[in-house]
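Peer 1: Counting with my numbering, you get residues 0 to 328 for the letters of the sequence shown.
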Amino acid sequence: MTPEEKRRQLEFYQDLGFTFLFRRPAGEAAVADAAAPDTVEVATPPAAPPPAAPLSAPKLPAPEPVSIAPAAPVAKLVLAATPLEVPPPAMPPPAVPVASRATPQPEPAPKLTPPPPLPLIEPMPELYTLPPLEPADDSMLKIREDIGDCRRCRLCEGRNKIVFGSGNEQSPLVFVGEGPGADEDQQGLPFVGRAGQLLTQMIENTAAKEGIAITRPDVYICNVVKCRPPENRTPQPDEMEICGQFLSRQLTVMKPRAICCLGGTAAKALLNLKEGITKARGQWYKWRDVPVMVTYHPSYLLRNQSKELRREAWEDLKKVLHFVYDEAQ
Ligand code: SF4
């Protein structure tokens with residue numbers, strides 16, 4: 000560039016507003032850039048790095064040498080930096096007073112008022128008093144008086160009449176059934192319904208056939224429980240236990256030569272038998288010192304019209320009648 004051309008170029012830049020325009024060597028420019036980071040440099044883009052030579056590049060024919068004219072030095076324009084207006088730092092929030100930063104205290108627990116004292120419960124009047132078992136001067140009359148209008152177990156709720164027993168109180172033979180049915184509850188007498196009629200036939204027909212001169216009034220008949228269970232259900236164990244004390248006293252007072260248990264429930268109550276009636280029937284057991292024969296209940300025979308069952312019942316009855324009356328006659 001000729002001096003004239005340089006002068007024109009400088010004038011051109013001065014017209015544009017550039018007051019400092021000079022050219023620096025490359026080393027000075029780097030130092031100036033590091034020392035004055037706040038200067039803005041208008042520079043040409045950096046030269047691309049030279050391409051890496053392949054490790055084993057194929058040998059190409061050598062290029063034709065090209066004569067390149069040296070490039071004109073690039074002028075670097077450095078603008079005078081204007082100080083940046085830095086906004087003042089934001090003020091920290093005002094400190095919270097220590098007192099106001101205190102952790103919130105839990106609300107005081109409400110005062111517990113003691114519960115009111117429990118009302119005194121009056122002791123329940125005794126519903127009943129069990130009389131002593133088998134008092135020394137016991138009698139059938141005393142037992143009946145002790146039973147009175149008995150409310151010792153729940154069976155009293157549905158009963159109409161207490162069925163104490165009937166027959167000869169001095170009889171050597173006592174029949175013990177389970178409990179009264181509807182007819183017995185109405186009349187206050189044991190075995191007066193259909194089952195009772197069958198029992199009467201069994202006793203009198205067998206005795207007549209065996210040559211034993213007795214009829215039903217000659218024996219005594221009673222039950223384990225003296226009141227009718229609702230819907231003729233089986234008496235509960237506790238009912239049999241409570242009412243059984245009267246049966247026990249009756250048997251003790253009468254002192255029969257033998258007892259005939261009618262049905263499995265009576266056998267269970269009197270003998271605490273575990274086996275069923277079909278196994279237990281026809282066998283001799285003992286209640287205290289009294290021999291006990293177990294056989295079917297007449298109601299069971301009415302429900303099961305089996306000749307075999309009836310024959311077995313007649314056999315059982317024959318045994319007990321002969322046992323009781325053979326010596327006496
Ligand atoms: S079943 Fe016996 S114990 Fe129960 S209420 Fe009747 S008489 Fe009393």
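The beta-carbon is built from N, C-alpha and C at its ideal position, and this holds for glycine as well.
From a predicted model like this one, the values you see are computed outputs, not experimental measurements.
With burial defined as no fewer than 16 other Cβ atoms inside 10 Å of the residue's Cβ, what is the status of C155: buried or exposed?
Peer 2: Per the 10 Å Cβ criterion, exposed.
Peer 1: Counting C-beta neighbours from all protein chains within 10 Å, is the total for M0 16 or more, i.e. buried, or is it exposed?
Peer 2: exposed
Peer 1: Got a sec, what are the start and stop residues for the alpha helix (DSSP H) K306 sits in?
Peer 2: 306-324
Peer 1: Is any heavy atom of ligand 3 found at a distance shorter than 6 Å from the C-beta of V218?
Peer 2: Within the structure as shown, ligand 3 is missing, the only ligands being ligand 1.
Peer 1: Do A279 and A266 have their C-beta atoms within less than 7 Å of each other?
Peer 2: yes
Peer 1: When you compare only the Cα positions, how much space is there between E177 and K141?
Peer 2: 22 Å
Peer 1: In its own chain, which residues sit with a C-beta less than 8 Å from the C-beta of L308, not counting the 5 before and 5 after it?
Peer 2: Y295, Y299, L300
Peer 1: If we ignore side chains and look at the alpha-carbon of each, how far apart do Q185 and L172 end up?
Peer 2: So the two alpha carbons sit approximately 26 Å from each other.
Peer 1: Between the region 155-170 and the region 217-226, are three or more C-beta pairs nearer than 8 Å?
Peer 2: yes
Peer 1: Under a three-way DSSP split, which group does N204 fall into?
Peer 2: helix
Peer 1: From the DSSP output, read off the bridge partner residues of K285.
Peer 2: P290
Peer 1: Name, in chain order, the residues that DSSP records as bridge partners for S165.
Peer 2: In the DSSP output, where bridge partners are listed per residue, S165 has I220.
Peer 1: If L270 sits next to V291, beta carbons under 8 Å apart, how far is it from one beta carbon to the other, in whole angstroms?
Peer 2: 6 Å
Peer 1: Work out the CA separation of D325 and G275 for me, nearest whole Å.
Peer 2: 30 Å
Peer 1: I'd like to check one pair, P134 with V162: are the Cβ atoms closer than 7 Å?
Peer 2: Contact flag unset, no.
Peer 1: Can you give me the C-alpha to C-alpha distance between A46 and P2, rounded to a whole angstrom?
Peer 2: Bear in mind that the predicted position of A46 carries a pLDDT of just 49, short of 50, making it too unreliable to give a figure here.
Peer 1: When you compare each of P189, T214, A194 to C221 by their alpha carbons, which one comes out closest?
Peer 2: P189
Peer 1: Do you know offhand how far T81's Cα is from Y12's?
Peer 2: Residue placement at T81 cannot be trusted, given a pLDDT of 38 that sits under 50; what the coordinates show is reported in the next sentence. Each residue's alpha carbon lies about 19 Å from the other.
Peer 1: Count the other CB atoms within 10 Å of the CB of G210; is the residue buried (16 or more) or exposed (fewer)?
Peer 2: exposed
Peer 1: With 16 other CB atoms within 10 Å as the buried threshold, where does S305 fall?
Peer 2: exposed
Peer 1: Looking at N167 and Y219, is the spacing between their C-beta atoms short of 7 Å?
Peer 2: Taking 7 Å as the Cβ cut-off, Y219 and N167 qualify as a contacting pair.
Peer 1: Is DSSP giving D172 helix, strand or coil here?
Peer 2: Reading off the sequence, residue 172 comes out as Leu, not Asp. Note: L172 maps to strand in three-state DSSP.
Peer 1: Under 7 Å between the Cβ atoms of V337 and D182?
Peer 2: Not covered by the structure: residue 337. The range shown for the chain is 0 to 328.
Peer 1: What does the Cβ neighbour count give for D315, buried or exposed, with the cut at 16 atoms within 10 Å?
Peer 2: buried
Peer 1: Does the Cβ of L250 lie closer than 6 Å to at least one heavy atom of ligand 1?
Peer 2: no
Peer 1: Using DSSP with H/G/I as helix, E/B as strand and the rest coil, what is A212?
Peer 2: coil
Peer 1: Cα separation between D148 and P216?
Peer 2: 26 Å
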